[in-house]
């Protein structure tokens, strides 16, 4: 019992010092990436969409080696105006494609979807 009483302050100080250490200094289990397959290849064309009145134009440039199938989607503002999904276009490596669409009146939103080709 005496030994425990004499060690109690030392144990308390040791615990306090460990709790004050920064997170990086504490031991952790490190997980390394499995290899080149763990990192996905870059993919996806960069698209710039412009809305002028009821017309929508999107230019998509693919800077990567894999073909990107892009598609323009338009949501119209009026309830009676039909929303549209454009035909898909293949943007090959180093290729820029132009996508167009329109509403009868105002455009609420327009976006481009991407799919591996």
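Residue numbers (the UniProt record's numbering): 1 to 117.
Glycine included, C-beta positions come from ideal geometry on N, C-alpha and C.
Residue 68 classed as buried or exposed, judged by whether at least 16 other C-beta atoms fall within 10 angstroms: Classified as buried, residue 68 has 16 or more neighbouring CB atoms from the shown chains inside 10 Å of its CB.
Residue 107 versus residue 85 - alpha carbon distance: Rounded to whole angstroms, residue 107 to residue 85 spans 13 angstroms at the Cα level.
Rounded straight-line distance, which links the Cα of residue 96 to that of residue 65: Near 13 angstroms, if we compare the C-alpha coordinates of residue 96 and residue 65.
Run of the beta strand (DSSP E) containing residue 103, from where it starts to where it stops: Run containing residue 103: none; DSSP gives neither H nor E here.
Residues that DSSP places opposite residue 75 in a beta bridge: 109, per the DSSP bridge assignment.
Counterpart residues of residue 50 in DSSP-defined beta bridges: Looking at the DSSP output, residue 50 sits in a beta bridge with 57.
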